[in-house]
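At position 25 of the sequence shown (counting the first as 1) the number is 25 in the numbering used here, and the numbers step up by one without a gap.
The C-beta atom is built at its ideal place from N, Cα and C for all residues, glycine as well.
First comes the structure, then the notes that go with it.
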Amino acid sequence: MEKFRSEQKALQETFEAGQKAKREEFLKANPELADRWHKHKERREAAKERCKENPEDCKGRRHGKEGAGEEGKKGGKG
């Protein structure tokens, strides 16, 4: 079992390294997308920090305003 785990870990690390190299190559070839990607990454990281400080504000889309979307569903009012 330990041998299997070590093999899987090695495969995963190899895969992740390949993906990282492909991503870097792609971003070098597409500077506009690279800029957008980095800005988006910064926003995600900032959101994670805000969620750590106040988890109640970060329930996500599913837990939005109470009753939101009720009327738009099939069988609802309207």
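Query: Residue 21 to residue 3 span [Cα, whole Å]; Result: 27 Å
Query: Secondary structure of residue 59, DSSP reduced to three states; Result: coil
Query: Uninterrupted alpha helix (DSSP H) stretches inside the stretch 7-62 (no shorter than 4 residues); Result: 31-53
Query: Alpha carbon of residue 34 to alpha carbon of residue 12, nearest angstrom; Result: 25 Å
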